[in-house]
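Novice: In full-length UniProt numbering, the protein residues as written are 1 to 529. Could you have a look at this structure, given as structure tokens, before my questions?
Shown next, in the form of structure tokens:
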């Protein structure tokens with residue numbers, strides 16, 4: 001019996017269900033049992049199934065050690081409902097299952113769920129792809145050639161294109177970078193990083209593009225307080241004051257407000273108040289729309305991929321509405337502090353504090369709009385990882401923020417508003433000849449090395465020109481630097497000064513020292529006065 005990690009991709013929850021079903025049917029021990037004076041072959045008790053499946057789930061990398069026995073019982077109930085198992089009399093569906101010695105068996109038919117195959121004619125997804133910023137007509141091109149490119153884009157002769165390898169120059173003007181363009185940059189760069197981390201061919205398989213709002217990304221990355229928590233423009237979407245007060249009391253226990261009542265069991269009542277509020281929200285904090293995306297990130301929660309998983313969750317949580325991200329940040333901070341607080345009294349008589357945190361809030365953090373067979377197990381796995389790494393996951397990724405700001409700044413620096421000049425004037429310094437590259441052609445390694453050498457030599461020639469023309473360099477320093485340049489780049493120097501080579505050969509001839517007698521006699525002074 002072997003298991004494997006279900007990597008990110010479409011229908012991951014269904015694939016996980018089939019994987020658990022396959023492992024359970026292949027590995028669960030079966031034997032003859034006696035019940036009510038009758039013998040039944042090839043069956044097992046419910047308690048034995050709970051024992052075996054619980055150990056399987058805890059050791060499986062797709063679920064982890066936080067799976068409880070009660071969750072295993074709930075999964076076996078779903079197995080019975082979906083005819084993965086049946087009782088020894090062949091009943092299933094409406095029957096219930098408890099952790100007892102009643103007998104069950106496997107049906108002869110296959111219980112695996114059907115995984116839809118992508119349509120080859122339509123690609124990996126039936127969802128229409130959103131055009132990215134680089135595909136938008138005219139954004140990185142010029143307005144004066146838009147119409148020409150649109151007319152010729154579908155009527156290009158490949159033979160002609162292959163022969164065209166020189167850029168043409170026209171007097172053109174770039175259009176201004178609009179607010180919509182900037183928002184597209186925030187969205188596209190974020191999704192590009194996310195797609196690379198998940199390793200999927202297209203995010204359309206795990207994320208519907210209409211659920212991606214670039215304004216949420218911008219707000220979550222730019223409007224944060226000194227602790228990194230999102231701030232809201234509309235305070236009506238924030239946590240109520242009484243909930244914040246209750247969360248602070250638990251997070252800072254026992255250093256809570258002295259004005260609050262103190263009685264035995266007070267902390268349990270406060271904890272229940274907080275959990276009741278989060279379960280009263282209209283949808284989970286990670287939203288129904290992003291459920292499939294977070295389910296796919298679970299495929300990265302492996303010991304050797306911890307850093308990648310953190311980075312993926314960093315980007316995924318940026319897609320949340322700011323109010324949901326703020327609530328998630330405050331909740332995870334509270335859960336982490338309570339779990340690490342040795343002074344916190346036990347909030348449950350039979351469950352440890354950390355386990356209680358994970359299982360109490362997993363349902364209000366992640367769940368699907370429709371009933372999912374593995375909802376509870378997957379939510380437990382994700383919330384456990386979120387709580388343990390909340391400080392890194394829910395912080396602003398500085399590398400992404402820098403990349404986006406640098407890209408926007410670059411585009412702003414090279415673009416000119418169209419309303420700034422009424423017409424293209426060759427004498428106007430704003431309107432200058434700009435090389436227009438209409439295609440990209442792959443080159444060989446030899447061509448690349450040749451172009452690299454030519455570019456390097458051109459740069460050295462420009463440096464030599466600067467040494468010769470810079471008025472801020474003294475003549476002494478100029479001669480010194482030119483001598484160093486000649487020594488380091490003799491070929492470039494000789495091309496600029498062809499006679500220097502002959503002069504060097506002349507200078508290398510041995511010089512005859514003047515006779516000793518021809519030297520002037522030094523003046524001597526007598527010691528006599």
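Think of the CB as a built atom: it goes at the ideal place given N, C-alpha and C, for glycine as much as any other residue.
Could you please give the first and the last residue of the uninterrupted alpha helix (DSSP H) stretch that includes residue 546?
Specialist: Absent from the model: residue 546. The displayed extent of the chain is 1 to 529, so no value can be given.
Novice: Excluding five sequence neighbours on each side, which residues of the same chain lie with their C-beta closer than 6 angstroms to the C-beta of residue 397?
Specialist: Hits under 6 angstroms: 314.
Novice: Please classify residue 197 as buried or exposed, where buried requires at least 16 neighbouring CB atoms within 10 angstroms.
Specialist: Its Cβ being crowded by 16 or more others within 10 Å, residue 197 is buried.
Novice: Drop a sphere of 10 angstroms on the beta-carbon of residue 17, count the other beta-carbons inside from all chains shown, and report buried for 16 or more, exposed for fewer.
Specialist: Buried: at least 16 other Cβ atoms inside 10 Å.
Novice: Which residues does DSSP list as the beta-bridge partners of residue 45?
Specialist: In DSSP, residue 45 forms a bridge with 103.
Novice: DSSP beta-bridge partners for residue 484?
Specialist: Partner(s): none; residue 484 has no beta bridge.
Novice: I think residue 407 touches residue 185, with their Cβ atoms under 8 angstroms apart; what is that distance to the nearest whole Å?
Specialist: With 8 angstroms as the limit, residue 407 and residue 185 qualify as a contact, their Cβ atoms being about 6 angstroms apart.
Novice: On the CB-based measure, 16 or more other CB atoms within 10 Å of its CB, does residue 476 come out buried or exposed?
Specialist: Flag for residue 476 reads exposed.
Novice: Considering only residues of the segment 205-234, which uninterrupted beta strand (DSSP E) runs meet the minimum length of 3 residues and lie entirely inside it, listed in chain order?
Specialist: The segment 205-234 contains no whole beta strand (DSSP E) run of 3 or more residues.
Novice: Looking only at DSSP bridge pairs, what is residue 31 linked to?
Specialist: Bridge partners of residue 31: 43.
Novice: Give me the Cα-Cα distance between residue 490 and residue 482, rounded to the nearest whole angstrom.
Specialist: Roughly 11 angstroms separates the two Cα atoms.
Novice: Looking at residue 103: is its Cβ nearer than 8 angstroms to the Cβ of residue 33?
Specialist: A contact, by the Cβ cut-off of 8 angstroms.
Novice: If the criterion is Cβ atoms closer than 8 angstroms, does the pair residue 365 and residue 284 meet it?
Specialist: Yes.
Novice: May I have the straight-line CA-CA distance separating residue 238 from residue 402, to the nearest angstrom?
Specialist: Rounded to whole angstroms, residue 238 to residue 402 spans 28 angstroms at the Cα level.
Novice: Which same chain residues, not among the five before or five after residue 372, have their C-beta less than 7 angstroms away from its C-beta?
Specialist: Excluding residues within five positions, the ones whose Cβ falls inside 7 angstroms are 13.
Novice: Can you name the start and end residues of the alpha helix (DSSP H) that residue 263 belongs to?
Specialist: No alpha helix (DSSP H) contains residue 263, which DSSP labels as neither H nor E.
Novice: Using DSSP with H/G/I as helix, E/B as strand and the rest coil, what is residue 51?
Specialist: Helix.
Novice: In this structure, does DSSP put residue 38 in helix, strand or coil?
Specialist: DSSP places residue 38 in strand when its eight states are reduced to three.
Novice: Please name the residue in 351, 344, 76 and 188 whose C-alpha comes closest to that of residue 106.
Specialist: Nearest option by C-alpha distance: 76.
Novice: With a threshold of 8 angstroms, are at least 3 pairs of Cβ atoms found where one atom belongs to the segment 19-33 and the other to the segment 294-313?
Specialist: The segment 19-33, when compared against the segment 294-313, does not touch it at the 8 angstroms Cβ threshold.
Novice: Residues in its own chain within less than 7 angstroms of residue 47 by CB, not counting five upstream and five downstream?
Specialist: Cβ neighbours of residue 47 beyond the five flanking positions: 99, 100 and 101.
Novice: Judging by CA-CA distance, which residue of 41, 181, 494 and 316 is the nearest neighbour of residue 287?
Specialist: Nearest of 41, 181, 494 and 316 to residue 287, Cα basis: 316.
Novice: So who's on the other strand from residue 87, going by DSSP bridges?
Specialist: DSSP output for residue 87 lists 104 as bridge partner(s).
Novice: Exposed or buried, what is residue 376 when buried is set at 16 or more other beta-carbons lying within 10 Å of its beta-carbon?
Specialist: So residue 376 counts as buried.
Novice: Between which residues of its own chain and residue 72 is the CB-CB distance below 7 angstroms, once the five residues before and five after are set aside?
Specialist: Contacts found: 50, 53, 54 and 57.
Novice: Just the C-alpha distance for residue 533 and residue 466, rounded to the nearest angstrom, thanks.
Specialist: With the chain running from 1 to 529 in the structure shown, residue 533 is simply not present.
Novice: Looking at the structure shown, is residue 322 part of a helix, part of a strand, or coil, going by DSSP?
Specialist: Looking at residue 322 - three-state DSSP - the assignment turns out to be helix.
Novice: Pick from 391, 205 and 496: whose alpha carbon is nearest that of residue 291?
Specialist: Residue 291 has its Cα closest to that of 205, out of 391, 205 and 496.
Novice: Looking at the secondary structure, which residues open and close the alpha helix (DSSP H) in which residue 304 lies?
Specialist: No alpha helix (DSSP H) contains residue 304, which DSSP labels as neither H nor E.
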